[in-house]
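S.K.: Please read through the structure below; I'll follow up with questions.
Structure below.
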C-alpha cells in the first residue's frame with residue numbers, strides 16, 4: 116500500500132492533527148513545557164517531511180504523480196478513498212504549506228496568546244488540513260481538508276482576533292462557506308458527469324479522455340468551480356472578506372490563511388478545473404482575465420489608499436492573487452507554470468509580511484502607518500527584513516527572489532495570450548512599488564512621529580529578537596533559495612504543467628522570448644487547446660517552455 | 004366457517020412472533036416497569052429508570068448481534084403481510100433503540116427534581132419505541148395506522164408530561180389537534196386507495212388492497228387514476244405532518260418549545276426518522292408507479308420546506324424553536340434524498356446515513372440543553388448560552404461539535420450525510436432542488452454559527468462585551484461521569500464518522 | 002334502489018369538508034375536537050361503503066380499529082383540555098398563546 | 026325505500042354536522058354530534074354493516090360524546106368571552122371550504138369511478154354483504170390482523186396511563202408558575 120516513503124505524507128498530515136487533538140483534549144493536564152514540545156513536534160514534522168519529499172521527488176512518468184498511497188475510509192460507494200500523492204503542481208504548494216506552517220507555528224509558540232494550548236491546537240489542526248489539501252489526489256479529500264483548515268480560522272479570528280473580530284469572523288464564515296459550497300457542487304458535477312464513479316483525479320482524467328463533455332456542461336461546471344474557488348481566492352469583486360478577515364485575524368492564522376490556504380482555490384482550478392474541463396476553461400478565461408485585472412488595478416489603488424499596515428498587507432495579497440489568475444488565464448504552460456511559482460513565492464512573502472507587520476506593531480503599538488516613522492534607527496535588522504520582504508512582494512528582481520521569476524513568466528504567458536493585458540499588469544507592479552516603498556519609508560525612515568516618540572519614551576524599542584527572527588529566516592531562506600535556484604521547483608512544475616497545458620507554439624518564437632519579435636499566439640479555436648488528456652507530446656514546445664521557466 | 008379453517012392455519016403460521024422479538028421484549032419490559040412500581044418499596048423505585056435503560060441496552064445489543072441481518076427473516080413478509088423485514092427496517096430498529104436510550108438518559112437528567120412521576124415516562128417511552136420499530140417495518144396500512152397512532156398517542160402524553168406547566172399542556176393540545184387533522188387526512192387517503200385498489204372490476208385489483216405490495220401492483224396498472232392520486236396525496240400529507248414538511252410544520256416550534264427537552268429530542272429525532280422510514284417505504288415500494296405526479300409534488304414540498312425552515316430559523320432566539328425550525332430544514336434535505344432514491348438506488352442508504360448523523364448531532368445538542376436548562380423550563384434562549392464555553396468547556400465543546408455537524412461542516416458526520424444526499428440528488432438530475440438546498444445550507448450556517456458565536460466567542464471578553472452581556476443566571480446541573488461518557492461519545496462518534504464511515508456505510512450499502 | 006357508491010362517497014366527502022371547516026373557524030377547543038371526530042366519521046363512512054361495494058372485509062375491520070383509536074384519542078385529548086382549563090381557565094384557542102416567543 | 030332512507034340519513038348526518046360547527050353553545054354542539062353519529066350508524070345499517078353500526082352507537086354516541094358532554098359541563102365555560110375568528114381567518118376558512126367541496130365533488134364525479142358495472146350504481150346486494158356477520162370480524166381480528174390487534178391493546182394502555190398522568194392530582198402537585 117505504501118510506495119517508498121509515501122508514509123511521510125501521512126505523517127505530515129496526521130501528526131499535526133493528532134498533536135492538536137492531544138493538546139485540545141488534555142487541556143491543562145498537560146504541562147506547559149510538554150505542551151509546547153508536542154506543538155513544536157506537530158509543526159516540525161510536516162516541514163521536514165515536505166522538504167524530504169521535495170528532495171526525493173521523482174514522479175511516475177505515466178501519471179505524473181509520486182508517493183501514491185491509498186486508504187479506503189468507508190465511502191467507496193461513491194468512489195471516495197483517502198488517496199495521497201504529489202505531482203509537480205502540488206509539490207511546491209506542499210512544501211510551501213510545510214514551511215509557512217513551521218514559521219507560523221514557531222511564531223505562535225512565542226506569541227504569548229492567552230489559552231495558548233487551544234490556540235496552538237487549532238493552528239495544528241489547520242496545519243494538518245493544509246498539508247492534506249495539497250497531498251490529496253482524491254477530490255473529495257481535497258475539499259475535505261480545505262474545510263478542516265478553514266474552520267479553525269473562523270474560531271481563531273472569533274476568539275483571538277483583533278478589532279471587529281466577531282463581525283469579521285461571521286462575514287468570513289458566510290462568504291467562504293458560500294464559496295466552498297459552490298465549488299463543492301462544481302466538484303460533484305464533475306464527478307457525476309465524468310462517469311468515473313470515483314472522486315480520484317486520475318480516474319476522472321482517464322474517464323474524460325475517452326469522451327469529452329458537452330460544451331454546455333463544461334461551461335456550467337467550470338462556472339461553478341470558477342466562482343466557488345474565486346470567492347475563496349478573493350477574486351475581484353468577491354474579495355471583501357479578505358482584508359477585513361486578515362485585519363482581524365491573529366498573526367499566525369493570517370500567515371497560514373493568506374500564505375497557504377488561500378491558494379486552495381487557484382490550486383483547484385489549475386490541478387482539477389482547467390485540465391478536466393478544457394473547453395469550459397477556455398470559454399471562461401477571457402472573463403476571468405478581466406476580473407483578475409480588476410484585482411490588479413482596482414485593488415491596487417485600494418491598497419495604495421490604505422493607512423493601516425495590516426489592511427495594506429491584506430489588500431496587497433488580494434491584489435497579487437490577480438497575477439496568479441492572469442497566469443492561469445493564459446492556459447499555457449508558461450502562464451500556468453508562472454502562476455504556480457508566484458503562488459509559492461507569494462505565500463512565503465505574504466506570511467513574512469504579516470509576521471514582520473506584527474513585529475512592527477509590537478514596537479509601535481499601532482498599525483496606522485501615519486503614526487509611525489523612524490523605526491529604522493531602533494531596529495535596523497527588522498528594517499532590512501521588511502525591505503527585503505517588500506521588494507519581494509513588489510516583484511523586483513533585486514536580491515534573487517522567487518517572486519520575480521513568477522511574475523516574469525506570468526507576463527510572458529500573458530503577452531502570448533493578449534498583448535494589451537500586459538500593460539495594466541505591469542502597471543500593477545508600479546502600483547505595488549508605490550505602496551510598498553511608501554510603507555517602508557513611512558515606517559522606518561523619516562523623523563519619528565509624536566505618538567512613536569511617546570511609545571519610545573515609555574520603553575526601549577528593541578531590534579528584531581531571535582524568537583521573531585527564526586520564523587522569519589525560515590521563510591526568507593526558502594524564498595532566496597528558490598529565487599537563486601528556480602530549477603529546483605520549475606523542473607517539477609514543468610513536468611506536470613506542460614502535458615496539460617500544451618500550446619502549439621513554434622519553438623523559435625518562445626525561445627526568442629527576449630526579443631521584440633514575439634507575436635501573440637492564437638489560443639482560441641480547436642487547435643489552440645488540445646484535450647487535457649492527450650498524451651504528453653514530447654517535442655520542441657515542451658523543451659521551449661522549460662527553457663522559459665528555468666532561466 | 005369450515006372453509007375458513009385451512010387459511011386460518013396458514014395465516015397463523017405466518018405469525019412469526021420470533022421475527023419481532025425485540026419489539027416484544029420492549030413491550031414486556033414496559034409492562035414489567037409498571038409491575039415493579041407496584042411491588043418495589045418506595046426507596047427502591049429510583050432503580051426503575053435504570054432497569055429500563057439497562058433493559059434497552061440488552062435489547063440493543065441483542066438486535067445488533069442477532070437481528071442486524073434480520074435473523075433469517077430478511078426479505079420475508081410475516082403476520083399475513085402486516086410486516087416486511089428488510090435491511091432498512093433493521094437499521095431503523097437500531098436507530099430507534101439508540102434514540103430511545105438517549106432519550107432515557109436525557110430524561111434522568113431533565114426530569115430529576117421535577118414533580119412528575121418517572122416510571123410512566125419510561126413505560127410510554129418503551130411502548131412508543133416498540134411501535135416506532137414496527138412502523139418502520141410495516142407493510143400494510145392497518146399495521147401502519149395502528150403503529151403510527153400508538154406513537155402519536157404516546158407523544159400526546161409525553162409532550163404534555165410536565166402537566167404543572169401551562170406551556171407543556173398547551174403544546175400537548177396543539178400537537179393533539181394538528182396531529183388529529185393529519186391523521187384524518189391520512190385515513191381518508193387510505194380509504195380512497197383501499198376503495199379504488201380493491202375494486203374487483205378494475206385490472207390488477209387485489210382482495211387485500213391495503214397491503215403495500217398489492218397496492219403497488221394495482222398502481223402499476225393505473226398510475227394515473229385520479230382517485231388513487233388523491234389518496235396518494237392525502238397519505239403524503241399525513242406523513243408530511245410527521246416529518247414536519249412545509250406546510251405541515253406549523254406545530255413544530257410551539258410543540259418543541261413547550262415539551263420537556265428529552266421529549267423534544269425524541270420528537271425531533273425518532274418521530275421525524277420514523278416519518279422518513281415510512282416515506283421511503285411508501286415512495287419506493289408503493290407509490291413508485293405514480294412518479295410523474297409524486298416527484299413534482301415532493302420536489303415542491305422539499306424546496307418550500309428547506310426555504311421555510313431556514314428563513315424562519317434565522318430570526319429565532321429560543322434554542323428549542325431554533326432546533327425545531329432548523330429540523331424542518333433538515334427534513335427538506337432528507338426529502339431531496341428520498342426523491343433521489345427513486346432514481347439512484349443507493350440514495351436510500353444516504354438518507355439513513357443522514358438520519359444517523361442527525362441523531363448523533365441532535366442528541367449532542369439536546370444533551371447540552373438538558374444540562375443547562377433549569378427546572379422551571381426557562382434557559383432556552385440564546386442569551387442563556389453566552390460564555391458557555393468559558394464556564395463549562397466540556398459542554399461548550401460538545402455543543403460546538405453538534406451544531407457544526409448539523410450545519411454540515413466537515414470533518415463532521417453531518418457533512419458526509421449532506422454530501423451523500425447532494426451527490427445522489429445530482430446523479431438523479433435534481434438540479435434546481437440542489438440549488439435550493441445549497442442556498443438553505445448557507446443560511447443555516449449563519450444561524451448555527453450565531454449560536455456557536457453566542458456560546459464560544461464571547462468567552463473572551465473585552466470591556467465592551469462585558470457591558471453588553473446579560474450575565475446568565477444559570478443553575479448548574481453537573482454532568483455525571485456517565486453523562487460525560489455519553490455526550491463525549493456522541494461528539495466523538497460525530498467526528499469519527501466524518502473521517503471514517505467504514506462499518507456504518509458498508510452496513511447501509513446493503514440496502 | 003338507485004343509491005350507489007358515489008352517493009355514500011359524496012356524503013363522506015361532505016362530512017369531511019364540514020369537519021375540516023369547523024376546525025378552521027371554531028375557536029373553542031372542545032368544538033374543534035368534535036369536528037375532528039366528524040372527520041374521522043367521514044372516513045369510516047367511506048371505508049364501510051368501499052368495503053360493501055368491493056365485497057372485502059378489510060375496510061370494516063379497519064373501521065373497528067379507527068373507532069378504537071378515536072376513543073383513545075378523545076380520552077387523552079379531553080384529559081389535556083381539562084388539565085389546561087385548570088391552569089388557564091380558558092379553552093379558547095386565541096387565548097392559549099404562551100408559546101409565542 | 027332504501028333510496029329514501031339514504032337521503033334522510035345523509036341529510037341528518039350532514040345537517041347535524043353543520044350544526045356542530047355552527048352552534049354557539051358547546052352543549053348544543055355535543056348534542057348535534059350525537060345525532061350526527063347516529064346518522065352515520067344508520068348509514069352503516071344501509072350498508073349492511075350492522076355490527077359496526079352498533080359499535081358506532083355504543084362507542085361514539087354512548088361513550089365519546091357523553092364524555093364530551095361531561096367535560097363541557099365540567100368546564101362550564103360561559104361563552105361570554107366569545108372570540109370571533111379574525112376576518113382573514115374567516116375568509117381563508119371559507120375559501121378552504123369551497124376548495125374542499127370542489128375537491129370532494131371532483132372525486133365523486135371522477136371518471137375513474139365510472140368503470141364497467143359501476144356506471145350504473147350497483148345495487149346493494151350484488152356483492153356479498155361480508156360486513157354483516159359479526160363472526161367475520163372475530164375471524165379477521167384474530168388471524169390477519171392479529172398483530173395490529175395486539176398493538177391496539179398497548180395503544181389503549183398508553184392512553185389510559187396518559188389520562189391518569191395528566192389528570193390525577195399528586196400530593197406535591199403545587200402550581201408552578203409558568204413563564205409568560
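Protein chains in written order, with my numbering: chain A, 116 to 666; chain B, 4 to 514; chain C, 2 to 102; chain D, 26 to 205.
Beta carbons are placed, not taken as given, at the ideal position from N, Cα and C, and that holds for glycine.
Just so you know, these numbers come straight off a predicted model, no measurement behind them.
Spatial neighbours of residue 538 of chain A within its chain, please: C-beta separation below 7 Å, excluding the five flanking residues on both sides.
M.R.: Residue 538 of chain A sits at position 423 when you count from the first residue of the first chain. Taken in chain order, the list of residues that qualify is empty.
S.K.: Look at the Cβ atom of residue 360 of chain B, then the Cβ atom of residue 416 of chain B, and state whether they are nearer than 8 Å.
M.R.: In the second chain, the residue the question calls residue 360 of chain B occupies position 357. In the second chain, the residue the question calls residue 416 of chain B occupies position 413. In contact: residue 360 of chain B and residue 416 of chain B (Cβ atoms closer than 8 Å).
S.K.: Quick check: what's the CA-CA separation for residue 210 of chain A versus residue 271 of chain B?
M.R.: The count along the first chain starts at 1 and reaches residue 210 of chain A at position 95. The count along the second chain starts at 1 and reaches residue 271 of chain B at position 268. So the alpha carbons of these two residues sit roughly 47 Å apart.
S.K.: Using beta carbons (cut-off 8 Å, strictly below), is residue 59 of chain D in contact with chain B?
M.R.: Here residue 59 of chain D refers to the residue found at position 34 of the fourth chain. So, not an interface residue.
S.K.: DSSP three-state label for residue 394 of chain A, please.
M.R.: Within the first chain, numbered from 1, the residue matching residue 394 of chain A stands at position 279. Three-state DSSP puts residue 394 of chain A in a helix.
S.K.: Would you mind telling me which residues of chain C sit closer than 8 Å to residue 192 of chain D, beta carbon to beta carbon, in chain order?
M.R.: The count along the fourth chain starts at 1 and reaches residue 192 of chain D at position 167. Within 8 Å Cβ-Cβ: 80, 83 and 84.
S.K.: Note down, in chain order, every chain B residue with its Cβ under 9 Å from the Cβ of residue 372 of chain A.
M.R.: For the purposes of this step, residue 372 of chain A is identified with residue 257 of the first chain, where counting begins at 1. In chain order: nothing, as chain B lies at least about 17 Å away.
S.K.: Can you tell me which residues form a DSSP beta bridge with residue 185 of chain A?
M.R.: Stepping through the first chain from its first residue, residue 185 of chain A is reached at position 70. DSSP, once it has assigned bridges, lists A/198 as partnering residue 185 of chain A.
S.K.: Give the interface partners of residue 46 of chain B over in chain D, defined as CB-CB distance under 8 Å, in chain order.
M.R.: For the purposes of this step, residue 46 of chain B is taken as the residue at position 43 of the second chain. Residues of chain D passing the Cβ test: none, with the nearest at roughly 17 Å.
S.K.: Please report how far the alpha carbon of residue 227 of chain B lies from the alpha carbon of residue 195 of chain B, in whole angstroms.
M.R.: Counting from one through the second chain, the residue named residue 227 of chain B turns up at place 224. Counting from one through the second chain, the residue named residue 195 of chain B turns up at place 192. Each residue's alpha carbon lies about 14 Å from the other.
S.K.: Can you name the residues of chain D whose CB is closer than 9 Å to the CB of residue 224 of chain B?
M.R.: On the second chain, residue 224 of chain B is found 221 positions in, with the first residue counted as 1. The contacting residues do not exist; residue 224 of chain B stays about 12 Å from chain D at best.
S.K.: Give me the DSSP bridge partner(s) of residue 81 of chain B.
M.R.: Taking the second chain and counting its residues from 1, the one referred to as residue 81 of chain B is at position 78. For residue 81 of chain B, which the question treats as bridged, DSSP gives the partners B/86.
S.K.: To the nearest angstrom, how far is the alpha carbon of residue 160 of chain B from that of residue 368 of chain A?
M.R.: Your numbering for residue 160 of chain B matches position 157 in the second chain. Your numbering for residue 368 of chain A matches position 253 in the first chain. Each residue's alpha carbon lies about 52 Å from the other.
S.K.: State buried or exposed for residue 265 of chain B, treating a residue as buried only when at least 16 other CB atoms are found within 10 Å of its CB.
M.R.: Working through the second chain from its first residue, we reach residue 265 of chain B at position 262. By the neighbour-count rule (16 or more Cβ atoms within 10 Å), residue 265 of chain B is buried.
S.K.: With 8 Å as the threshold, decide whether the Cβ of residue 150 of chain C is near any Cβ in chain D.
M.R.: Outside the modelled stretch of chain C, which goes from 2 to 102, sits residue 150 of chain C, for which no answer is possible.
S.K.: Determine the chain D residues that contact residue 67 of chain C at a beta-carbon separation under 8 Å, and present them in chain order.
M.R.: The sequence position of residue 67 of chain C within the third chain is 66, counting from 1. Those do not exist, as residue 67 of chain C stays about 10 Å from chain D at its closest Cβ, beyond 8 Å.
S.K.: Report, in whole angstroms, the separation of the C-beta atoms of residue 219 of chain B and residue 288 of chain B, which I expect to be a contact under 8 Å.
M.R.: As a working note, residue 219 of chain B is residue 216 in the second chain. As a working note, residue 288 of chain B is residue 285 in the second chain. With a Cβ gap of about 6 Å, residue 219 of chain B and residue 288 of chain B count as contacting.
S.K.: Go to residue 36 of chain C, then tell me how far its alpha helix (DSSP H) extends in each direction, as first and last residue.
M.R.: In the third chain, the residue the question calls residue 36 of chain C occupies position 35. First-last of the alpha helix (DSSP H) with residue 36 of chain C: 30-55.
S.K.: What is the rounded straight-line gap between the Cα of residue 145 of chain D and the Cα of residue 9 of chain C?
M.R.: Residue 145 of chain D sits at position 120 when you count from the first residue of the fourth chain. Residue 9 of chain C sits at position 8 when you count from the first residue of the third chain. Any reading at residue 145 of chain D is ruled out, since the residue's pLDDT is 44, under 50, leaving its predicted position unreliable.
S.K.: Going by alpha carbons, who is nearest to residue 44 of chain C out of B/197, B/323 and B/167?
M.R.: Here residue 44 of chain C is taken as the residue at index 43 of the third chain, counted from 1. If we check each option's Cα against that of residue 44 of chain C, B/197 comes out closest.
S.K.: Might you give, ordered along the chain, the residues of its own chain that have their beta carbon closer than 8 Å to the beta carbon of residue 82 of chain D, omitting 5 neighbours on each side?
M.R.: Translated into positions along the fourth chain, residue 82 of chain D becomes position 57. Taken in chain order, the residues that qualify are 62, 63 and 66.
S.K.: My guess is that residue 48 of chain C and residue 20 of chain C are in contact by the Cβ rule of under 8 Å, so how many angstroms apart are they, rounded?
M.R.: Here residue 48 of chain C corresponds to residue number 47 of the third chain, with the count starting at 1. Here residue 20 of chain C corresponds to residue number 19 of the third chain, with the count starting at 1. The pair is not a contact, with the Cβ atoms about 16 Å apart (cut-off 8 Å).
S.K.: Going by C-alpha to C-alpha distance, which of B/250, B/283 and B/376 sits closest to residue 328 of chain B?
M.R.: Locating residue 328 of chain B in the second chain gives position 325, where the first residue counts as 1. It is B/250 whose Cα lies nearest to the Cα of residue 328 of chain B.
S.K.: DSSP puts residue 384 of chain B in a beta bridge; with which residues?
M.R.: Within the second chain, numbered from 1, the residue matching residue 384 of chain B stands at position 381. For residue 384 of chain B, which the question treats as bridged, DSSP gives the partners B/321.
S.K.: Residue 447 of chain A bridges to which residues according to DSSP?
M.R.: Counted from its first residue, the first chain places residue 447 of chain A at position 332. Answer is none; residue 447 of chain A lacks a bridge partner.
S.K.: What distance in whole Å lies between the Cβ atoms of residue 31 of chain D and residue 4 of chain C, which are believed to be in contact at a cut-off of 8 Å?
M.R.: Translated into positions along the third chain, residue 4 of chain C becomes position 3. Translated into positions along the fourth chain, residue 31 of chain D becomes position 6. The Cβ separation is near 5 Å, so the contact holds.
S.K.: Starting from residue 175 of chain D, follow the alpha helix (DSSP H) in both directions and report where the run begins and ends.
M.R.: Here residue 175 of chain D corresponds to residue number 150 of the fourth chain, with the count starting at 1. Taken as a continuous stretch (DSSP letters only), the alpha helix (DSSP H) holding residue 175 of chain D covers 171-192.
S.K.: Around the C-beta of residue 509 of chain B, are 16 or more other C-beta atoms found within 10 angstroms, so that it is buried, or is it exposed?
M.R.: Within the second chain, the letter at position 506 stands for residue 509 of chain B. Exposed, since its Cβ has fewer than 16 Cβ neighbours within 10 Å.
S.K.: Give the interface partners of residue 170 of chain D over in chain B, defined as CB-CB distance under 7 Å, in chain order.
M.R.: Numbered from its first residue, the fourth chain carries residue 170 of chain D at position 145. 145, listed in chain order.
S.K.: Closer than 8 Å, CB to CB, is residue 89 of chain C near chain B or not?
M.R.: As a working mapping, residue 89 of chain C is identified with position 88 in the third chain. Closer than 8 Å to some Cβ of chain B, the Cβ of residue 89 of chain C qualifies, so yes.
S.K.: When the Cα atoms are used, what is the spatial distance from residue 1 of chain B to residue 421 of chain B?
M.R.: Absent from the model: residue 1 of chain B. The displayed extent of chain B is 4 to 514, so no value can be given.
S.K.: Straight-line CA distance for residue 385 of chain B to residue 176 of chain B?
M.R.: On the second chain, residue 385 of chain B is found 382 positions in, with the first residue counted as 1. On the second chain, residue 176 of chain B is found 173 positions in, with the first residue counted as 1. Looking at the two C-alpha atoms, the distance is approximately 26 Å.
S.K.: May I ask you to list the residues that DSSP assigns as paired with residue 93 of chain C?
M.R.: Along the third chain, one-based indexing puts residue 93 of chain C at 92. Beta-bridge pairing links residue 93 of chain C to C/29.
S.K.: Starting from residue 24 of chain C, find everything on chain B with Cβ-Cβ shorter than 8 Å and list it in chain order.
M.R.: For the purposes of this step, residue 24 of chain C is taken as the residue at position 23 of the third chain. Chain B residues near residue 24 of chain C: 180 and 184.
S.K.: If you check the beta carbons only, do residue 330 of chain B and residue 309 of chain B fall under 8 Å apart?
M.R.: Within the second chain, residue 330 of chain B is the residue found at index 327, counting from 1. Within the second chain, residue 309 of chain B is the residue found at index 306, counting from 1. No, the Cβ-Cβ distance between residue 330 of chain B and residue 309 of chain B is not below 8 Å.
S.K.: Would you grab the beta carbon distance between residue 216 of chain A and residue 171 of chain A for me? Rounded to a whole angstrom, and I think it's under 8 Å.
M.R.: Your numbering for residue 216 of chain A matches position 101 in the first chain. Your numbering for residue 171 of chain A matches position 56 in the first chain. Not really, about 20 Å apart at Cβ, beyond 8 Å.
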